[in-house]
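Protein chains in written order, with this note's numbering: chain A, 125 to 298; chain B, 125 to 298; chain C, 125 to 298.
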């Protein structure tokens with residue numbers, strides 16, 4: 125199994141920053157795969173600001189749905205990819221009425237075949253009270269299943285709180 | 125203190141699976157105590173599916189409220205019990221207008237007297253923003269108090285994230 | 125850097141109790157800085173009950189907004205302060221239309237200059253599904269940013285679950 129990493133955590137817990145630092149530790153050309161689609165001007169601006177923050181040595185791809193083929197392509201080029209994030213990817217899957225379990229299974233199969241490390245970012249969303257809306261409950265369940273399956277596929281799993289990592293799986297990393 | 129275990133975590137974090145694995149490690153007849161009542165056909169089906177997943181060596185009891193007497197009975201027979209879960213038990217207590225603090229106190233007293241290990245599953249629900257409804261806030265507070273008191277009664281406490289355990293109390297277990 | 129501590133956790137996770145125990149371990153005159161304002165009789169009563177629980181060796185100050193000057197004053201007197209909590213402080217800042225990022229920056233600058241230890245309590249609120257209200261989302265983001273910045277300023281960071289501490293930063297403490 126290639127050394128893939130899953131970075132879990134809540135909103136504003138420092139997941140993206142952590143994933144970027146982990147990717148840069150590999151000293152190869154890093155690629156940032158954004159799953160969010162820029163839907164308005166405000167979002168466009170935020171995305172541009174994040175891109176500038178990462179610096180010019182980063183490539184950025186927008187991949188709302190077809191993660192597996194994008195990862196296979198980048199891995200062939202020997203690049204290390206950050207996928208930010210699987211929560212928005214899941215939300216895109218549900219929006220376009222794809223089956224999240226099937227897509228997760230495909231992603232896990234792809235990860236097992238890749239020769240280059242991937243750092244995946246995902247939200248933990250199941251630690252509040254039961255959501256009032258059926259969609260909220262459905263999303264929460266799907267996210268929990270996705271996180272469990274990805275965690276099983278990755279050699280390293282970290283849980284971020286307030287910018288600080290806890291190691292759930294693998295050796296603690298700086 | 126007999127070696128009781130509390131398995132905490134969010135929705136779909138792998139708590140039940142973990143509790144079942146822990147119970148099976150004792151190599152005695154395991155009993156699954158479900159606190160949920162099958163209220164409709166869909167739930168009936170899900171419960172049946174879970175029962176099949178656990179396998180035929182498991183006994184299943186439905187105990188929506190009277191945990192202490194059920195646990196005492198099973199412990200006398202030398203069985204190891206999984207209680208899945210205290211969040212639904214708490215919700216049942218509140219629904220039937222029982223005092224959660226009193227019931228928790230009784231449960232803790234029972235646990236201290238038992239000679240066989242119990243594995244209790246409970247949800248952590250206090251890590252989102254303040255719930256909008258008064259009932260939501262009341263439930264969240266009651267769940268937090270219950271978890272603190274049970275954690276104090278158990279020799280092992282684990283916190284599950286994405287199917288992976290973090291040890292909060294006791295020695296790390298496989 | 126003086127030995128400041130940040131105690132994070134969800135609702136009813138034992139944060140306040142933990143902060144009080146940590147403060148008492150210093151064996152100097154402890155001061156409890158409450159950021160909540162007693163708005164009604166019920167709250168007045170709860171605050172009085174908590175005060176009695178802490179005991180007579182504790183001093184209590186109510187500081188809804190101006191934390192930096194209060195902390196500087198107490199540190200000069202050689203006292204150890206518990207700030208309970210930054211979540212209500214953040215909520216007060218937003219209510220009075222102050223800039224949370226600016227106030228957090230000022231607090232961090234103050235902490236770096238103090239010669240006496242401060243124990244700060246804050247809630248983790250980002251581990252549920254996306255809040256439905258824009259204010260909820262804004263609060264969640266602001267709380268996450270605040271927690272990250274305070275965690276960077278403190279030598280010790282702990283995450284409480286069910287009354288039990290996990291060490292996020294620094295050496296594990298009793």
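Using N, Cα and C, we set each Cβ at its ideal position, and we do this for glycine too.
In terms of DSSP beta bridges, what is residue i paired with?
{"i": "residue 218/B", "result": "DSSP output for residue 218/B lists no bridge partner at all."}
{"i": "residue 246/A", "result": "132/A"}
Drop a sphere of 10 angstroms on the beta-carbon of residue i, count the other beta-carbons inside from all chains shown, and report buried for 16 or more, exposed for fewer.
{"i": "residue 250/B", "result": "buried"}
{"i": "residue 139/A", "result": "buried"}
{"i": "residue 170/C", "result": "exposed"}
{"i": "residue 298/A", "result": "exposed"}
{"i": "residue 233/B", "result": "exposed"}
{"i": "residue 136/A", "result": "buried"}
{"i": "residue 146/B", "result": "buried"}
{"i": "residue 173/A", "result": "exposed"}
{"i": "residue 236/C", "result": "exposed"}
{"i": "residue 167/B", "result": "exposed"}
{"i": "residue 196/B", "result": "exposed"}
{"i": "residue 201/B", "result": "exposed"}
{"i": "residue 142/A", "result": "buried"}
By DSSP, does residue i sit in helix, in strand, or in coil?
{"i": "residue 192/C", "result": "helix"}
{"i": "residue 241/A", "result": "coil"}
{"i": "residue 198/B", "result": "helix"}
{"i": "residue 186/B", "result": "strand"}
{"i": "residue 205/C", "result": "strand"}
{"i": "residue 289/C", "result": "strand"}
{"i": "residue 254/A", "result": "coil"}
{"i": "residue 280/C", "result": "strand"}
{"i": "residue 181/C", "result": "coil"}
{"i": "residue 228/C", "result": "helix"}
{"i": "residue 233/C", "result": "helix"}
{"i": "residue 265/A", "result": "helix"}
{"i": "residue 212/A", "result": "helix"}
{"i": "residue 271/B", "result": "helix"}
{"i": "residue 260/B", "result": "helix"}
Between the beta-carbon of residue i and the beta-carbon of residue j, is there less than 8 Å?
{"i": "residue 288/C", "j": "residue 130/C", "result": "no"}
{"i": "residue 204/C", "j": "residue 191/C", "result": "no"}
{"i": "residue 216/C", "j": "residue 248/C", "result": "no"}
{"i": "residue 242/C", "j": "residue 160/C", "result": "no"}
{"i": "residue 220/B", "j": "residue 189/B", "result": "yes"}
{"i": "residue 260/A", "j": "residue 199/A", "result": "no"}
{"i": "residue 181/B", "j": "residue 154/B", "result": "yes"}
{"i": "residue 157/C", "j": "residue 194/C", "result": "yes"}
{"i": "residue 286/B", "j": "residue 187/A", "result": "no"}
{"i": "residue 296/B", "j": "residue 266/B", "result": "no"}
{"i": "residue 255/A", "j": "residue 269/A", "result": "no"}
{"i": "residue 308/A", "j": "residue 133/A", "result": "Within the shown structure, residues of chain A are numbered from 125 to 298, placing residue 308/A beyond reach of any answer."}
{"i": "residue 276/C", "j": "residue 127/C", "result": "no"}
{"i": "residue 292/B", "j": "residue 246/B", "result": "no"}
{"i": "residue 290/C", "j": "residue 290/A", "result": "yes"}
I need the boundaries of the beta strand (DSSP E) containing residue i, first residue and last residue.
{"i": "residue 157/C", "result": "154 to 158"}
Which residue comes first and which comes last in the alpha helix (DSSP H) that contains residue i?
{"i": "residue 165/B", "result": "165 to 178"}
{"i": "residue 140/C", "result": "139 to 148"}
Hey, is residue i's beta-carbon within less than 8 Å of any beta-carbon in chain E?
{"i": "residue 248/C", "result": "This model lacks chain E altogether; the protein chains it does include are A, B and C."}
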